[in-house]
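J.: Residues in the sequence shown are numbered from 996 upward in steps of one, following our numbering.
Structure provided below as structure tokens; questions to follow.
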Amino acid sequence: MMNIALAVHGGAGTIAPEHLTPEREQAYRAALELALKQGHAVLAEGGAALDAVEVAVRALEDSPLFNAGKGSVFNADGQHEMDASIMNGLDLQAGAVASVQNVKNPISLARRVMENSNHVLISGLGAFEFAHKQRIELEDDQYFFDQFRYDQWKEVAGTDQVQLDHSDKERKFGTVGAVALDAQGHLAAATSTGGMTNKKWQRIGDSPIIGAGTYANDETCAVSCTGHGESFIRAVAAHDVHALMAYKGLSLEEAVRVVVHEKLPALDGDGGLIAIDRAGRIVLDFNCPGMYRGQVGADGVFRTAIFR
Ligand code: ASP
996 MMNIALAVHG
1006 GAGTIAPEHL
1016 TPEREQAYRA
1026 ALELALKQGH
1036 AVLAEGGAAL
1046 DAVEVAVRAL
1056 EDSPLFNAGK
1066 GSVFNADGQH
1076 EMDASIMNGL
1086 DLQAGAVASV
1096 QNVKNPISLA
1106 RRVMENSNHV
1116 LISGLGAFEF
1126 AHKQRIELED
1136 DQYFFDQFRY
1146 DQWKEVAGTD
1156 QVQLDHSDKE
1166 RKFGTVGAVA
1176 LDAQGHLAAA
1186 TSTGGMTNKK
1196 WQRIGDSPII
1206 GAGTYANDET
1216 CAVSCTGHGE
1226 SFIRAVAAHD
1236 VHALMAYKGL
1246 SLEEAVRVVV
1256 HEKLPALDGD
1266 GGLIAIDRAG
1276 RIVLDFNCPG
1286 MYRGQVGADG
1296 VFRTAIFR
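Here's what the structure looks like:
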């Protein structure tokens, strides 16, 4: 049996069973499973963890159920600005984009930044120009429009309120991410988001920040986060899981517990993360009521869950 493993998330927050009809729950689980299956197929063919996380995140970006790619939330100007990052545990190469518009799959643009530029993080119009040059697939505004997220934005438009997509009473949640271990023993992580509803000043969260929302290092683990981005940046959450393992010798499970249940709460950091270590152990943990999540390990069984 190949020791390959993959985990995905679709955001964490106040996801309550009473806000999710059985049909919607089924739709979320199906979308998570589709992403798992597509990423797992890459790994099962001996493909790289880096390819697997990109494929899995693309599948989640293409689903309007999640706040990434199609279905991204609206900013204060009624537009979609997306952030994404990807990291390869093999050589610590990383790429990221922030505040990009009209890019169908921001995660693939992040990968191009990693492979075809001298930079790690590019943003806004510059990133759009780079996307053009790289012949990245673009879509018009209509593609990203989602009535539910529009109504959600209208509730706070014109105010100073910003909203975490998954931390209000409604039914549509989050940022997406993936972590993987491939048959060669390499790790990778990827994260993609539309950020926060009604955000302004080109606010950028943790998702495109290497070390905050995404981190991968073959020595220890790969991590993708979701939650209140400002807190995750201040906690340097994803890298902290790595650091606790590397410098303190903690297990993956213990390192994640410390970050999710001690360090983040101390900084008002609601949310969660998915992580995988070099042995293929997977930990999916969160400090709020729910997190859309899924995993597949060496046994090839696909598992998805939403609530605790
Ligand atoms: N972490 C993301 C951000 O702050 C939001 C999320 O996880 O849904 O932009």
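C-beta atoms are modelled at their ideal positions from N, C-alpha and C, and glycine is treated no differently.
When you compare only the Cα positions, how much space is there between residue 1300 and residue 1172?
T.: Cα to Cα, residue 1300 sits roughly 15 Å from residue 1172.
J.: Looking only at its own chain, which residues have a Cβ that is under 6 Å from the Cβ of residue 1056, when we skip the five neighbours before and after it?
T.: Hits under 6 Å: 1063, 1064, 1100 and 1187.
J.: Can you give the Cα-Cα distance for residue 1096 and residue 1075, rounded to whole angstroms?
T.: Those two C-alpha atoms are separated by around 6 Å.
J.: Helix, strand or coil for residue 1167? Go by DSSP, reduced to three states.
T.: Its pLDDT being 44, under 50, residue 1167 is placed unreliably in this model, and the value from its coordinates should be taken loosely. Residue 1167 falls in the coil class under three-state DSSP.
J.: Should residue 1221 be labelled buried (16 or more other beta-carbon atoms within 10 Å of its own) or exposed?
T.: Its Cβ being crowded by 16 or more others within 10 Å, residue 1221 is buried.
J.: With 16 as the cutoff for other CB atoms within 10 Å, does residue 1012 come out buried or exposed?
T.: With fewer than 16 Cβ atoms within 10 Å of its Cβ, residue 1012 is classed as exposed.
J.: Confirm the yes/no value for this check: CB of residue 1201, any heavy atom of the ligand ASP, distance under 7 Å.
T.: Yes; taking the cut-off as 7 Å, the Cβ of residue 1201 has a heavy atom of the ligand ASP nearer than that.
J.: So, using beta-carbon positions, are residue 1045 and residue 1178 closer together than 8 Å?
T.: Taking 8 Å as the Cβ cut-off, residue 1045 and residue 1178 do not qualify as a contacting pair.
J.: Let me know the alpha helix (DSSP H) ranges lying completely inside the region 1019 to 1063, each 4 residues or longer, listed in chain order.
T.: For the region 1019 to 1063, whole alpha helix (DSSP H) runs of length 4 or above, ordered along the chain, are 1044 to 1056.
J.: What do you get for residue 1190, buried or exposed, if any count of 16 or more other CB atoms within 10 angstroms of its CB means buried?
T.: Residue 1190 is buried by the Cβ-count criterion.
J.: Across the region 1110 to 1130 and the region 1030 to 1047, are there enough close Cβ pairs to call them in contact, namely three or more that are closer than 8 Å?
T.: Segments in contact, no.
J.: Starting from residue 1004, follow the beta strand (DSSP E) in both directions and report where the run begins and ends.
T.: Run containing residue 1004: 1000 to 1008, per the beta strand (DSSP E) assignment.
J.: If you drop the 5 nearest sequence neighbours on each side, which residues of the same chain put their C-beta closer than 7 Å to that of residue 1102?
T.: Only 1049, 1052, 1053, 1056, 1079, 1081, 1185 and 1187 meet the Cβ criterion.
J.: Heavy atom of the ligand ASP less than 7 Å from the Cβ of residue 1075, yes or no?
T.: Result no, Cβ not under 7 Å from the ligand ASP.
J.: Closest by CA to residue 1105, which one among 1111, 1092, 1112 and 1135?
T.: Checked all of 1111, 1092, 1112 and 1135; the closest Cα to residue 1105 is 1092.
J.: Can you list, in chain order, the residues of its chain whose CB lies under 7 Å from that of residue 1250, leaving out five sequence neighbours each side?
T.: Correct list, in chain order: 1236, 1239 and 1240.
J.: Would you say the region 1198 to 1208 touches the region 1029 to 1042, given that touching needs at least three Cβ pairs under 8 Å?
T.: Contact between the region 1198 to 1208 and the region 1029 to 1042 is absent, because fewer than three Cβ pairs lie under 8 Å.
J.: Can you tell me which of 1113, 1061 and 1247 puts its alpha carbon nearest to the alpha carbon of residue 1218?
T.: Considering only alpha carbons, the answer is 1247.
J.: Compare the Cα-Cα distances from residue 1282 to each of 1144, 1254 and 1276 and report the closest residue.
T.: Here the closest residue by C-alpha is 1254.
J.: Between residue 1298 and residue 1289, how many whole angstroms is the CB-CB distance? I'm expecting something under 8 Å.
T.: That belief holds up - the Cβ atoms of residue 1298 and residue 1289 are roughly 6 Å apart, short of 8 Å.
J.: For a quick check, are the C-beta atoms of residue 1090 and residue 1212 less than 8 Å apart?
T.: Going by C-beta atoms, residue 1090 is not nearer than 8 Å to residue 1212.
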